[in-house]
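Undergrad:
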Amino acid sequence: MSTRLNLDDVRPVISCGTLPAKAVVGEVVPVTALAWREGHDALGATLVAWPVQDPGKRISVRMTQDPDNVDRVHGLFAPDVEGMWLFRIDVWSDPLTTWRTAVDKKLAAGQGTAELANDLAHGADLFARAGHSDIARQLADATASLSERTRAALTSTVTPLRDLLVTGAEYEVYVERRKALFSSWYELFPRSTGGRDANSEPVHGTFDTTAQALQRVADMGFDTVYFPPIHPIGTAHRKGKNNSLTAEKDDVGSPWAIADHTATHPELGTLADFRRLVHRAADLGLEVALDLALQASPDHPWAKAHPEYFTVLADGSIAYAENPPKKYQDIYPINFDNAPAALYDELYRVVMTWVDAGVTTFRVDNPHTKPTQFWAWLIAKVHATHPEVIFLAEAFTRPARLFGLAKHGFTQSYTYFTWKTTKAELTEFAEEHVAQADICRPNLFVNTPDILHESLQTGGRAMFAIRATLAATLSPLWGVYSGYELFEHTAVQPGSEEYLDSEKYQLRPRNFDTAETLAPYLGMLNRIRRENSALQQLRTLRFHPTDNDRVIAYSKSDPLSGNVVLVVVNLDPRNPQEATVAVDTTALGRPAGESYPIQDMITGACYQWGERNFVRLEPMRDVAHIFILPPADPRLREQMAWRQVGEYRA
């Protein structure tokens with residue numbers, strides 16, 4: 001790097017450039033850096049980006065100077081093909097801008113033609129070098145007045161001169177398909193789709209009955225249907241209903257006590273039946289996500305053929321899973337240290353078995369309990385031949401490990417959203433994820449088979465709508481576990497987050513044909529998400545102040561289309577709440593002081609808004625506003641993206 005022109009703090013740069021940042025096709029990627037030099041002469045910066053597979057296809061963008069920090073420059077690019085991309089920032093001396101700035105100041109000070117003689121001559125040379133011969137001749141025309149000679153030079157859009165050009169270092173951005181960033185998930189247990197017999201006893205579902213259940217999922221607007229493990233379940237130390245240590249004769253066991261990772265549960269059907277289910281899902285616009293749980297029941301073939309895959313204790317037995325004081329006698333955790341080469345190859349074979357069966361998405365169980373090195377290796381190896389495959393990390397763990405797993409290849413990540421309920425908690429949580437948007441894509445599940453948060457147990461039906469609204473609009477990725485639309489809220493015991501009669505240990509057929517359902521509201525949320533590209537963004541999330549801590553307001557924007565959505569949510573499920581929302585107009589792509597029309601996409605009501613606006617939300621009637629605004633001013637769209645970079649990450 002030249003000592004005359006300096007470039008620091010380039011972003012996004014992940015782990016000192018050793019790992020790529022992340023993006024999807026069509027997503028705006030904000031790039032920023034500190035560009036500086038000695039003295040007062042101007043410099044310029046150019047963002048250059050291109051796909052590795054087509055280096056001749058270049059995106060070149062003049063970067064913008066930050067009005068609040070003259071040394072910081074910003075630029076945007078939107079990759080249009082999948083694969084690895086490279087970007088760099090070039091910095092250069094900008095003599096034309098330096099000249100214009102000096103002449104503007106001298107004219108403002110009242111200096112005349114004689115005092116500006118050298119500036120006029122120098123300007124003529126600069127504009128001639130830049131290929132603007134007409135402007136150069138005008139500057140040199142001694143017969144014209146000073147204002148006539150300088151008018152075009154000071155006002156025309158010109159091709160810049162790039163002196164002392166310094167080419168910056170190259171950095172990687174891995175670009176995936178759109179669904180890596182934008183998707184709506186619905187989790188269901190295939191074995192619970194069999195309904196009930198004449199005696200009202202549950203009947204074990206099949207892949208065929210699951211296929212029949214998918215129309216309802218598609219009707220709610222979900223596009224990914226996630227199945228817990230569909231493999232044979234071990235009988236040794238099988239768990240009974242409600243996690244009982246003693247299983248009755250008819251107990252079906254936990255699907256996570258896997259007896260063979262490459263087979264299907266015989267009561268569900270064959271591999272051919274599963275393939276038919278995947279095709280049916282695709283016909284409905286659904287992708288099947290399959291649980292990847294790298295653990296085994298004592299009945300698994302690995303336990304006999306490959307005890308080295310596990311931890312063998314001093315008495316010769318294999319160690320079962322523990323999370324003290326909890327014990328999981330029906331599961332053997334894998335030991336990655338004993339025979340890593342053979343184990344890695346075997347687990348890759350497992351994944352490819354299901355990729356070959358049509359699975360393009362995996363929800364990975366407890367990845368933070370396995371070596372990150374393994375995940376980096378596995379995901380890279382799968383992506384080498386199948387880059388479309390999505391890996392969602394069930395990483396309910398500390399931030400360093402959550403974000404570390406994301407950096408090393410996971411496409412999406414579970415988060416602590418379920419436990420964030422106050423305005424302060426939600427704001428801090430969301431801003432942290434915006435700050436990490438270059439590596440981590442948060443998938444906000446409102447509930448899971450393991451997590452029935454206290455707020456849903458006690459908050460009533462309004463809380464189900466509140467949490468769904470937050471999840472569906474704070475992140476482009478969200479999901480629900482089956483039964484949420486029926487307001488299932490009973491815990492196994494006070495203080496527990498486990499469901500009573502948990503589906504993890506028994507069949508749980510449901511009657512979805514009822515008027516007491518949140519399904520229409522979930523469908524509306526998914527429709528609004530599909531129709532508004534702003535809600536398909538993560539980086540442009542922006543919070544707006546309210547004078548009531550029970551009311552939260554935030555916006556999202558799409559810098560490419562200009563689509564802007566503003567969300568206001570009452571966090572109190574029991575009482576009406578009023579607030580004044582102080583809108584940051586720049587985040588909405590509006591000029592300061594402007595009044596503009598907005599429409600609530602939930603109710604259809606229209607309002608006229610400005611910088612301060614009154615809202616009242618009654619939980620028994622409406623828990624939220626989801627407003628669509630007029631398209632953002634094209635002159636302000638770039639700032640809607642890069643302002644987040646400076647505010648949250650500088």
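The sequence shown begins at 1 in full-length UniProt numbering and counts up by one.
We put the CB at the ideal spot given by N, CA and C, even for glycine.
What does the alpha-carbon distance come out to for the pair C16 and M601?
TA: Residue 16 sits at position 16 when you count from the first residue of the sequence shown. Residue 601 sits at position 601 when you count from the first residue of the sequence shown. Their Cα atoms are separated by approximately 43 Å.
Undergrad: What alpha helix (DSSP H) runs, 4 residues minimum, are completely inside the stretch 189-243?
TA: For the stretch 189-243, whole alpha helix (DSSP H) runs of length 4 or above, ordered along the chain, are 207-219.
Undergrad: Take the Cβ of R289 as the centre, count every other Cβ of all protein chains shown within 10 Å, and call the residue buried at 16 or more, exposed below.
TA: Within the sequence shown, numbered from 1, the residue matching residue 289 stands at position 289. The question names Arg, but residue 289 in the sequence shown is Ala. By the neighbour-count rule (16 or more Cβ atoms within 10 Å), A289 is buried.
Undergrad: Can you grab the Cα-Cα spacing for the pair A21 / T224, in whole Å?
TA: On the sequence shown, residue 21 is found 21 positions in, with the first residue counted as 1. On the sequence shown, residue 224 is found 224 positions in, with the first residue counted as 1. Approximately 25 Å, taken between the alpha carbons.
Undergrad: Would you check if the distance between the CB atom of N613 and the CB atom of V583 is smaller than 8 Å?
TA: Here residue 613 corresponds to residue number 613 of the sequence shown, with the count starting at 1. Here residue 583 corresponds to residue number 583 of the sequence shown, with the count starting at 1. Yes, the pair counts as a contact, with Cβ atoms nearer than the cut-off.
Undergrad: Just list the alpha helix (DSSP H) runs in the stretch 331-400, keeping only unbroken ones of 4 residues or longer that don't cross its boundaries, in chain order.
TA: Entirely contained in the stretch 331-400, the alpha helix (DSSP H) runs reaching 4 residues are, in chain order, 340-356 and 372-385.
Undergrad: Near T415, what residues of its chain come up, given a Cβ to Cβ distance below 6 Å and the 5 sequence neighbours on each side ignored?
TA: What you label residue 415 is simply residue 415 of the sequence shown in a count that begins at 1. Closer than 6 Å at the Cβ level, and outside the excluded window around T415, lie P442.
Undergrad: Report the rounded CA-to-CA distance for Q537 versus Q608, giving the unit in angstroms.
TA: Stepping through the sequence shown from its first residue, residue 537 is reached at position 537. Stepping through the sequence shown from its first residue, residue 608 is reached at position 608. Using only the alpha carbons, I get a separation of about 25 Å.
Undergrad: With the cut-off set at 8 Å, would you say V166 and D90 are in Cβ contact?
TA: On the sequence shown, position 166 is the one that residue 166 refers to. On the sequence shown, position 90 is the one that residue 90 refers to. Yes, the pair counts as a contact, with Cβ atoms nearer than the cut-off.
Undergrad: Taking the continuous beta strand (DSSP E) assigned at S183, which residues delimit it?
TA: For the purposes of this step, residue 183 is taken as the residue at position 183 of the sequence shown. Unbroken beta strand (DSSP E) run through S183: S183 to E187.
Undergrad: Closest to S502 by C-alpha separation, out of V25, G495, T448 and L470, would be which residue?
TA: Stepping through the sequence shown from its first residue, residue 502 is reached at position 502. For S502, the nearest C-alpha among the options comes from T448.
Undergrad: Kindly indicate which residue of L522, S557, I318 and G195 has the alpha-carbon position closest to the one of W185.
TA: Within the sequence shown, the letter at position 185 stands for residue 185. Measuring from the Cα of W185, the nearest candidate turns out to be L522.
Undergrad: With a threshold of 16 other CB atoms inside 10 Å of the CB of C606, please say whether the residue is buried or exposed.
TA: Within the sequence shown, numbered from 1, the residue matching residue 606 stands at position 606. Its Cβ having fewer than 16 others within 10 Å, C606 is exposed.
Undergrad: Could you have a look at R11 and say whether DSSP puts it in helix, strand or coil?
TA: The residue labelled residue 11 in the question sits at position 11 within the sequence shown. In the structure shown, R11 sits in a strand (DSSP, three-state: E or B).
Undergrad: Roughly how many angstroms lie between the CA atoms of F207 and A281, to the nearest whole one?
TA: Here residue 207 is taken as the residue at index 207 of the sequence shown, counted from 1. Here residue 281 is taken as the residue at index 281 of the sequence shown, counted from 1. Rounded to whole angstroms, F207 to A281 spans 11 Å at the Cα level.
Undergrad: Take G589 as the anchor and find which of V623, E638 and P576 has the nearest alpha-carbon.
TA: In the sequence shown, counting from the first residue as 1, residue 589 sits at position 589. Comparing Cα-Cα distances from G589 to each of V623, E638 and P576, the minimum goes to E638.
Undergrad: How many Å lie between K304 and Y348 at the Cα?
TA: Numbered from 1 along the sequence shown, position 304 holds the residue referred to as residue 304. Numbered from 1 along the sequence shown, position 348 holds the residue referred to as residue 348. Straight-line Cα distance between these residues: approximately 20 Å.
Undergrad: With H, G and I counted as helix, E and B as strand and the rest as coil, what does DSSP make of K407?
TA: One-based indexing of the sequence shown puts residue 407 at position 407. Helix.
Undergrad: Looking at C-beta atoms only, is the number of pairs between the stretch 197-206 and the stretch 257-268 that lie closer than 8 Å three or more?
TA: Enough Cβ pairs lie closer than 8 Å, so yes.
Undergrad: Determine, using beta carbons only, whether E187 and G479 come nearer to each other than 8 Å.
TA: Here residue 187 refers to the residue found at position 187 when the sequence shown is read from its first residue. Here residue 479 refers to the residue found at position 479 when the sequence shown is read from its first residue. Their beta carbons are under 8 Å apart, which means E187 touches G479 by this criterion.
Undergrad: Please report the straight-line C-alpha distance between D80 and G26, rounded to a whole angstrom.
TA: Taking the first residue of the sequence shown as position 1, residue 80 is located at position 80. Taking the first residue of the sequence shown as position 1, residue 26 is located at position 26. Going by the C-alpha atoms only, they are around 5 Å apart.
Undergrad: Go ahead and label S297 buried or exposed: buried means 16 or more other beta carbons lie within 10 angstroms of its beta carbon, across all protein chains shown.
TA: Taking the sequence shown and counting its residues from 1, one reaches residue 297 at position 297. Its Cβ being crowded by 16 or more others within 10 Å, S297 is buried.
Undergrad: Could you tell me the alpha carbon to alpha carbon distance between A121 and L146, rounded to whole angstroms?
TA: On the sequence shown, position 121 is the one that residue 121 refers to. On the sequence shown, position 146 is the one that residue 146 refers to. If I take the Cα positions, the gap works out to 13 Å.
Undergrad: Can you tell me where the alpha helix (DSSP H) holding F274 begins and where it ends?
TA: Reading the sequence shown from its first residue, position 274 is the one you call residue 274. Start and end: L271 to D283.
Undergrad: Under 8 Å between the Cβ atoms of D251 and Q506?
TA: Numbered from its first residue, the sequence shown carries residue 251 at position 251. Numbered from its first residue, the sequence shown carries residue 506 at position 506. A contact, by the Cβ cut-off of 8 Å.
Undergrad: Using the beta-carbon count (16 or more within 10 Å), is S2 buried or exposed?
TA: The residue you call residue 2 lines up with position 2 of the sequence shown. Because the pLDDT of S2 is 47, which lies under 50, any placement of that residue in the model is unreliable, and the question is left without a value.
Undergrad: Any chance the stretch 32-47 sits against the stretch 449-460, with 3 or more Cβ pairs inside 8 Å?
TA: No: the two stretches stay apart, fewer than three of their Cβ pairs being nearer than 8 Å.
Undergrad: Can you grab the Cα-Cα spacing for the pair V382 / V389, in whole Å?
TA: Residue mapping note: residue 382 aligns to position 382 of the sequence shown, counting from 1. Residue mapping note: residue 389 aligns to position 389 of the sequence shown, counting from 1. Straight-line Cα distance between these residues: approximately 8 Å.
Undergrad: At the level of alpha carbons, what is the spacing between K423 and V551?
TA: To locate residue 423, count along the sequence shown from 1; it is residue 423. To locate residue 551, count along the sequence shown from 1; it is residue 551. Roughly 7 Å between the two C-alpha positions.
Undergrad: For G75, which beta-bridge partners are listed by DSSP?
TA: Sequence index remark: in the sequence shown, residue 75 carries index 75 (1-based). BP columns for G75 point to V31.
Undergrad: Looking at the secondary structure, which residues open and close the beta strand (DSSP E) in which I552 lies?
TA: As a position in the sequence shown, residue 552 is number 552, starting the count at 1. Run containing I552: V551 to S557, per the beta strand (DSSP E) assignment.
Undergrad: List the endpoints of the continuous beta strand (DSSP E) containing G44.
TA: To locate residue 44, count along the sequence shown from 1; it is residue 44. It spans L43 to P51 - the beta strand (DSSP E) in which G44 sits, taken as one unbroken run.
Undergrad: Considering just the uninterrupted stretch of the beta strand (DSSP E) at H544, what are its terminal residues?
TA: Residue numbering aside, residue 544 sits at position 544 when the sequence shown is read from its first letter. Residues R542 to H544.
Undergrad: The beta strand (DSSP E) spanning D291 covers which residue range?
TA: Here residue 291 refers to the residue found at position 291 when the sequence shown is read from its first residue. From DSSP, the beta strand (DSSP E) with D291 extends over E287 to L292.
Undergrad: Would you list the residues sitting across from K327 in a DSSP beta bridge?
TA: Locating residue 327 in the sequence shown gives position 327, where the first residue counts as 1. K327 pairs with E322.
Undergrad: Could you please give the first and the last residue of the uninterrupted beta strand (DSSP E) stretch that includes H261?
TA: As a working note, residue 261 is residue 261 in the sequence shown. No beta strand (DSSP E) contains H261, which DSSP labels as neither H nor E.
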